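Novice: So the sequence shown is numbered by this note's numbering: it starts at 40 and just counts up by one.
Here a beta-carbon is modelled for each residue, glycine too, at the ideal position from N, C-alpha and C.
Since the model is a prediction, treat every value here as computed from it, not as a measurement.
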Amino acid sequence: MTTQFSDKTAIVTGSATGIGAAIAHRLAAAGASVMLADKHEEAVHAVCAEITAAGGRAAACRVDIRIPEEVQAMLDYSRDTFGPANILINNAGLGSQKHFLETPLTTLQQMLEVNVVGTFLCAQAAAHDMIEMGGGRIVNFSSHSGLLGSSGRAAYAASKGGIIAMTRAMAVDLAQYNITVNAVAPGPIDVQRNRDQHSDERRDAWHRAIPLGRYGEPDEVAAVAVFLASEDASYVNGQTISVDGGFTAAGLRVKQL
Ligand SMILES: NC(=O)c1ccc[n+]([C@@H]2O[C@H](COP(=O)([O-])OP(=O)(O)OC[C@H]3O[C@@H](n4cnc5c(N)ncnc54)[C@H](O)[C@@H]3O)[C@@H](O)[C@H]2O)c1
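What follows is the structure, given as structure tokens:
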């Protein structure tokens with residue numbers, strides 16, 4: 040345990056699993072009081088129990104980030120438990136994979152509702168706490184799909200590209216309150232969902248396309264999100280940081296030149 044965040048309260052959405060759980064673990068290990076929030080109540084309490092068993096300060100609640108009343112209840116619970124939040128990690132998100140011509144309107148609506156509306160609602164509610172605290176950090180979650188045109192990603196890309204644009208605009212509006220807003224854009228990460236869903240062929244295609252030749256680990260993304268939430272990132276604002284092993288930096292790659 041370290042003390043870098045010992046005077047901070049952080050809310051981490053989507054922390055029942057994957058990258059969000061890794062971020063919650065990292066923030067708690069650095070001394071933050073962490074409110075874990077997810078639509079999967081049992082799973083998010085299980086991650087919270089791991090953190091408290093390791094000596095961290097954490098609590099958990101169920102939230103559906105699409106619903107304003109539930110988002111406000113999450114903020115209120117966090118404030119009652121730990122005091123006003125200084126940090127929001129807007130990590131909860133949903134993916135979709137379907138050819139553009141076969142993507143139903145309902146899928147696009149679902150992506151926008153969770154990824155864009157949910158991110159918007161959590162940030163707006165948390166910003167009020169942060170203004171009261173004299174500042175704060177908001178870290179949103181985009182994706183490589185918000186930057187490049189991957190196949191089968193039209194609906195998801197619309198939502199993750201929207202998060203990049205919204206991050207910039209939020210950063211401009213909230214700077215006067217000493218709140219920074221940045222985004223992380225992960226490449227493929229070795230979370231359980233990807234282990235379950237990615238075929239060998241798809242994994243091979245990723246390995247070939249990524250200069251580092253492998254998927255990222257959840258903790259490698261968590262490290263960057265926690266940096267953006269720290270005092271060290273005080274002059275980083277409105278940016279989207281790719282954590283993708285060089286995937287979005289790459290052009291033509293010839294092994295033997
Ligand atoms: N894992 C990757 O390869 C990858 C790549 C690019 C971007 N991302 C983004 O990073 C973030 C985390 O990814 P992950 O792989 O850990 O995801 P994940 O699917 O493992 O976890 C996402 C969490 O968000 C929660 N969630 C979904 N909808 C919610 C809602 N309406 N209200 C509350 N909670 C909700 C889920 O229950 C889940 O626990 C997401 O925003 C994702 O889009 C992930």
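From the DSSP output, read off the bridge partner residues of Leu75.
Specialist: Answer is Val51, Ala99, bridged to Leu75.
Novice: Thinking C-alpha only, which one of Val51, Arg247, Val260 is nearest Ile280?
Specialist: Ranking Val51, Arg247, Val260 by Cα distance to Ile280 puts Val260 first.
Novice: Under 8 angstroms, with one C-beta from each stretch per pair, do the region 97 to 116 and the region 150 to 167 reach the 3-pair mark?
Specialist: These segments touch.
Novice: Shorter than 8 angstroms, the distance from the beta carbon of Gly174 to the closest heavy atom of ligand 1, or not?
Specialist: Checking every heavy atom of ligand 1 against the Cβ of Gly174, none is found closer than 8 angstroms.
Novice: Looking at the secondary structure, which residues open and close the alpha helix (DSSP H) in which Phe159 lies?
Specialist: That run of the alpha helix (DSSP H) goes 158 to 172.
Novice: Give the list of continuous alpha helix (DSSP H) stretches no shorter than 4 residues that lie fully inside the region 245 to 273.
Specialist: Correct list: 257 to 267.
Novice: Report yes if the C-beta of Lys294 is less than 8 angstroms from at least one heavy atom of ligand 1; otherwise report no.
Specialist: The answer is no for Lys294.
Novice: If contact is defined by three or more beta carbon pairs under 8 angstroms, each pair taking one atom from either stretch, is the region 199 to 216 in contact with the region 237 to 256?
Specialist: Cβ pair count under 8 angstroms is below three, so no.
Novice: Indicate the three-state DSSP secondary structure (helix, strand or coil) for Leu114 in the structure shown.
Specialist: Reduced to three states, the DSSP call for Leu114 is helix.
Novice: Only counting the same chain, and skipping five residues up and downstream in sequence, which positions put a Cβ closer than 6 angstroms to that of Gly122?
Specialist: Result list for Gly122: Thr48, in chain order.
Novice: Which residues bound the alpha helix (DSSP H) around Thr206?
Specialist: Residues 193 to 213.
Novice: Report buried or exposed for Phe44, applying the criterion of at least 16 other Cβ atoms within 10 angstroms of its Cβ.
Specialist: Burial call: buried.
Novice: Determine the DSSP secondary structure at Arg39, reduced to helix, strand or coil.
Specialist: Beyond the ends of the chain as shown, which are 40 and 296, falls residue 39; an answer cannot be given.
Novice: How about Ile280: is its Cβ closer than 8 angstroms to a heavy atom in ligand 1?
Specialist: Result no, Cβ not under 8 angstroms from ligand 1.
Novice: Can you tell me whether His64 sits near ligand 1, meaning its C-beta is under 8 angstroms from at least one heavy atom of the ligand?
Specialist: No, since every heavy atom of ligand 1 falls outside the 8 angstroms radius drawn around the Cβ of His64.
Novice: Write down the C-beta distance between Ala224 and Gly185 rounded to the nearest angstrom, noting that I regard them as a contact closer than 8 angstroms.
Specialist: The Cβ separation is near 6 angstroms, so the contact holds.
Novice: At a cut-off of 8 angstroms, would you count Ala97 as near ligand 1, judging by its Cβ distance to the nearest heavy atom?
Specialist: Not so, every heavy atom of ligand 1 lies at least 8 angstroms from the Cβ.
Novice: Based on Cα-Cα distance, which residue from Arg292, Asp258, Ala92 lies nearest to Val282?
Specialist: Of the listed residues, the one whose Cα sits closest to Val282 is Asp258.
Novice: Tell me Leu127's beta-bridge partners as DSSP assigns them.
Specialist: Answer by DSSP bridge pairing, in chain order: Ile50, Ile177.
Novice: Mapping the DSSP letters down to three states, classify Ile62 as helix, strand or coil.
Specialist: DSSP places Ile62 in helix when its eight states are reduced to three.
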